[in-house]
Amino acid sequence: MPNRPQPHFPEADTKHYWDGVKAGELRYQTCDACSKVNFTPTAHCQSCGSNALSWHVSKGEGSVYTYSVVRQNRIPGFVELGAYAVAYVDLDEGFRMLTNVVGTANPTTDISIGQRVRVEYEQQDSGEYPIPVFRPI
Amino acid sequence: MTQERKAAIAGIHEFPLRVAPGVSAMQIKAASLKAALNDAGLDWKDIDGLYDAGDGEGGGGLGLAAYLGLRPRVIDTTQVGGSSYEFHAAHALRDIAAGRVNVAITTYGSTAASNRIPIGTGGRGGGQSWSANMEGPYGSTLISNYAMVKQRHMFEYGTTTEQLAEISVATRKHAMRNPEAVKAMTDLQFVKVDEITVEDVLESRIVADPLHLLECCMVSDGGGACVFVSPEVARNIKKKPVWILGTGEATKYRENGGDITTSAAAQSGPPAFAQAGVSPAEIDIAMIYDSFTITVATCLEDLGFCKKGEIGQFIGDGHLAFDKPGLTLNTDGGGLSSNHPGMRGLFLLLEATRQLRGESTSQVPGAKLAVAHGNGGLLGGTHTGGTVILAAD
Numbered sequence: 040m041p042n043r044p045q046p047h048f049p050e051a052d053t054k055h056y057w058d059g060v061k062a063g064e065l066r067y068q069t070c071d072a073c074s075k076v077n078f079t080p081t082a083h084c085q086s087c088g089s090n091a092l093s094w095h096v097s098k099g100e101g102s103v104y105t106y107s108v109v110r111q112n113r114i115p116g117f118v119e120l121g122a123y124a125v126a127y128v129d130l131d132e133g134f135r136m137l138t139n140v141v142g143t144a145n146p147t148t149d150i151s152i153g154q155r156v157r158v159e160y161e162q163q164d165s166g167e168y169p170i171p172v173f174r175p176i
Numbered sequence: 002m003t004q005e006r007k008a009a010i011a012g013i014h015e016f017p018l019r020v021a022p023g024v025s026a027m028q029i030k031a032a033s034l035k036a037a038l039n040d041a042g043l044d045w046k047d048i049d050g051l052y053d054a055g056d057g058e059g060g061g062g063l064g065l066a067a068y069l070g071l072r073p074r075v076i077d078t079t080q081v082g083g084s085s086y087e088f089h090a091a092h093a094l095r096d097i098a099a100g101r102v103n104v105a106i107t108t109y110g111s112t113a114a115s116n117r118i119p120i121g122t123g124g125r126g127g128g129q130s131w132s133a134n135m136e137g138p139y140g141s142t143l144i145s146n147y148a149m150v151k152q153r154h155m156f157e158y159g160t161t162t163e164q165l166a167e168i169s170v171a172t173r174k175h176a177m178r179n180p181e182a183v184k185a186m187t188d189l190q191f192v193k194v195d196e197i198t199v200e201d202v203l204e205s206r207i208v209a210d211p212l213h214l215l216e217c218c219m220v221s222d223g224g225g226a227c228v229f230v231s232p233e234v235a236r237n238i239k240k241k242p243v244w245i246l247g248t249g250e251a252t253k254y255r256e257n258g259g260d261i262t263t264s265a266a267a268q269s270g271p272p273a274f275a276q277a278g279v280s281p282a283e284i285d286i287a288m289i290y291d292s293f294t295i296t297v298a299t300c301l302e303d304l305g306f307c308k309k310g311e312i313g314q315f316i317g318d319g320h321l322a323f324d325k326p327g328l329t330l331n332t333d334g335g336g337l338s339s340n341h342p343g344m345r346g347l348f349l350l351l352e353a354t355r356q357l358r359g360e361s362t363s364q365v366p367g368a369k370l371a372v373a374h375g376n377g378g379l380l381g382g383t384h385t386g387g388t389v390i391l392a393a394d
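The following block contains the structure:
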């Protein structure tokens with residue numbers, strides 16, 4: 040199994056998000072005051088400052104906004120992976136997250152901007168939290 | 002033009018070595034400060050303003066003052082990555098104009114090369130924060146952030162690596178005329194210490210798609226210092242002052258639905274040009290933070306030298322090299338080919354000053370106006386932009 044860095048707690052803003060991931064849910068917030076999507080999670084709305092935020096569960100589908108295939112890295116847990124794709128994915132609910140696109144035979148040729156992708160939860164040797172990554176649909 | 006000349010750069014120094022084993026970052030800062038004061042004809046005791054990005058072991062606002070033996074009246078420890086020094090210039094202008102400071106300094110020292118710090122290919126540090134928890138699991142290297150900007154720029158505007166490679170080619174041409182840059186590339190064991198072609202860039206290996214090795218800056222040791230003074234002090238310095246006409250500051254970060262091809266420069270540029278009372282078309286020298294080719298490309302667009310998405314055509318029109326007509330870029334050899342110890346922003350101010358004094362190794366005859374634009378943090382992720390407009394005396 041992969042050995043990615045785990046989230047560390049206590050960390051007040053991201054705990055509920057990661058509890059969701061552990062339960063197989065990709066959670067995000069919207070603001071009750073201004074109705075904007077709020078991501079990454081915070082206790083205040085990043086658009087208007089309101090503390091009235093509601094949690095939702097994303098359907099986990101979206102499009103690749105941009106990506107890069109990392110050919111050289113010195114990050115523990117990634118050095119042994121070979122080339123891997125870092126990406127920003129725009130979820131259909133309107134939030135953008137940094138993630139990886141996995142499951143392609145050759146990430147340098149098989150990933151493209153606008154490509155439809157779906158979340159999956161990759162179990163880790165490094166700890167209890169799986170990591171949400173995306174695979175082309 | 003209604004240009005106000007309220008503060009000037011009076012003295013500069015760039016630490017000459019890019020591989021400096023056995024020397025500390027703090028020693029580089031102190032040695033550079035002494036040389037910059039000498040360049041200005043000022044003394045240690047003249048300093049009354051300390052600006053610092055917190056680099057160096059045991060440094061910062063407290064530590065550096067003690068280390069240097071200073072009693073500053075203003076201490077500003079703005080740390081916003083590689084553009085910190087453009088922010089320092091902005092704050093020095095503000096503080097000098099307010100009458101609080103007469104002789105302000107900013108210094109920089111780093112031993113990133115000797116310490117083998119993998120700035121570009123390492124990940125974000127560990128630690129326990131909202132950002133580490135959301136980004137740490139994905140192996141995003143520093144370079145991959147910039148690469149994602151290039152990927153999107155190519156997708157939206159049809160920009161090509163061939164076009165962006167001209168930034169590397171022009172910068173290397175300037176570096177080969179700068180003896181310190183040649184020594185840097187030699188000491189850092191560049192495969193080829195010579196001018197390069199577009200083909201060389203295209204054939205260099207990809208570090209993070211779509212960025213090639215020759216589109217990436219070096220990792221060096223280094224540092225330097227810059228002395229900012231009031232108009233009264235500027236009257237009695239050794240060399241001609243270089244005036245700070247206008248400044249702008251901004252930050253940008255991942256936003257839902259945001260445009261990754263537009264940098265913080267789009268916000269920091271307009272107020273800087275407005276305060277200076279000049280337009281991009283009047284600028285002779287552009288010192289733009291060249292961490293990567295794409296950084297220069299997006300910042301030139303955002304500063305208004307061409308429209309968003311038209312950088313490829315702008316480059317094709319013959320700009321960049323000092324002996325071609327049009328805007329001239331990074332005449333010291335830049336971070337790509339002369340000096341990048343991690344926070345290059347200081348060197349942008351230093352080379353702009355050399356050009357406006359007529360001292361560059363790739364001098365543009367009669368250069369009168371320069372822009373120094375620093376980009377700190379991660380283009381494509383959380384970053385800052387600091388714009389400084391400078392004028393010859």
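Chains A and B, in that order, are what the protein sequence lines are. So the mapping is simple: my numbering equals the position in the first sequence, first residue as 1, plus 39. So the mapping is simple: my numbering equals the position in the second sequence, first residue as 1, plus 1. Backbone N, C-alpha and C define an ideal beta-carbon position, used for all residues, glycine too.
Specify the secondary structure class of residue i as computed by DSSP and reduced to three states.
i	result
E100/A	strand
G62/B	helix
F36/B	The question names Phe, but residue 36/B in the sequence shown is Ala. Looking at A36/B - three-state DSSP - the assignment turns out to be helix.
Q80/B	coil
N139/A	strand
G378/B	strand
C227/B	strand
A21/B	coil
E15/B	strand
C178/A	Shown here, chain A extends from 40 to 176; a query on residue 178/A therefore has no answer.
I29/B	helix
L212/B	strand
F306/B	coil
M2/B	Confidence is the limiting factor: at M2/B the pLDDT is only 47, short of 50, which leaves the residue's position unreliable, though a coordinate-based value still follows. Correct three-state label for M2/B: coil.
P171/A	strand
M155/B	helix
Can you find a CB in chain A that lies within less than 9 angstroms of the CB of residue i?
i	result
S130/B	yes
L69/B	no
Q133/B	The question names Gln, but residue 133/B in the sequence shown is Ala. By this cut-off, A133/B is an interface position.
P17/B	no
E58/B	no
F156/B	yes
E136/B	yes
P73/B	no
S292/B	no
Since residue i and residue j should fall inside the 8 angstroms C-beta cutoff, what is the C-beta to C-beta distance between them, to a whole number of angstroms?
i	j	result
V279/B	I168/B	23 angstroms between Cβ atoms; not a contact.
A9/B	I286/B	Not quite, the Cβ-Cβ distance comes to about 17 angstroms (not below 8 angstroms), so this is no contact.
G313/B	T160/B	5 angstroms
A368/B	L350/B	With a Cβ gap of about 15 angstroms, A368/B and L350/B do not count as contacting.
Could you work out which residue in the options is closest to residue i when comparing CA atoms only?
i	options	result
A26/B	S115/B, Q4/B, I76/B and L71/B	S115/B
T296/B	A105/B, G381/B and E196/B	G381/B
Y67/A	N77/A, K61/A, C73/A and D58/A	N77/A
V192/B	G334/B, A209/B and S338/B	S338/B
V156/A	V128/A, C73/A and P80/A	V128/A
P17/B	A273/B, P342/B, V372/B and G375/B	P342/B
L65/A	A144/A, S74/A and H55/A	H55/A
Q111/A	Y52/B, A182/B and R206/B	R206/B
A298/B	G123/B, G70/B, V20/B and Y158/B	Y158/B
R19/B	V183/B, G70/B and D222/B	D222/B
Y105/A	C73/A, I152/A and H83/A	As written in the sequence, residue 105/A is Thr, which differs from the Tyr given in the question. Ranking the options by Cα distance to T105/A, first place goes to I152/A.
F216/B	G336/B, A113/B, G82/B and S132/B	Inspection of the sequence shows that residue 216/B is occupied by Glu rather than by Phe. Taking only the C-alpha atoms, the option nearest E216/B is G336/B.
H384/B	N237/B, S132/B, V243/B and A265/B	A265/B
D303/B	Q268/B, L212/B and G334/B	Q268/B
K308/B	N340/B, G319/B, P281/B and A322/B	P281/B
Please confirm if residue i has its CB atom under 9 angstroms from at least one CB of chain B.
i	result
V109/A	yes
G142/A	no
R43/A	yes
W94/A	no
H47/A	yes
L120/A	yes
G133/A	yes
Q71/A	According to the sequence shown, residue 71/A is Asp rather than Gln. Taking Cβ atoms only, chain B never reaches closer than 9 angstroms to D71/A, which makes this a no.
V158/A	no
Answer yes if the region 128-135 of chain A comes into contact with the region 131-144 of chain B, meaning at least three C-beta pairs across the two stretches below 8 angstroms, and no otherwise. The count of Cβ pairs closer than 8 angstroms, one atom from the region 131-144 of chain B and one from the region 128-135 of chain A, stays below three, leaving the stretches out of contact.
Report yes or no: do three or more beta-carbon pairs, one from the region 105-122 of chain B and one from the region 220-229 of chain B, lie closer than 8 angstroms? Contact holds: three or more Cβ-Cβ distances are below 8 angstroms.
Would you check if the region 245-258 of chain B and the region 52-71 of chain B touch, i.e. whether three or more CB-CB distances between them fall below 8 angstroms? no
At a cut of 8 angstroms, does the region 37-48 of chain B reach the region 86-100 of chain B through at least three beta carbon pairs? no
Are there three or more Cβ pairs, one per stretch, closer than 8 angstroms when the region 261-269 of chain B is compared with the region 149-167 of chain A? no
Taking one C-beta from the region 319-333 of chain B and one from the region 63-74 of chain B each time, how about it: are there three or more such pairs within less than 8 angstroms? no
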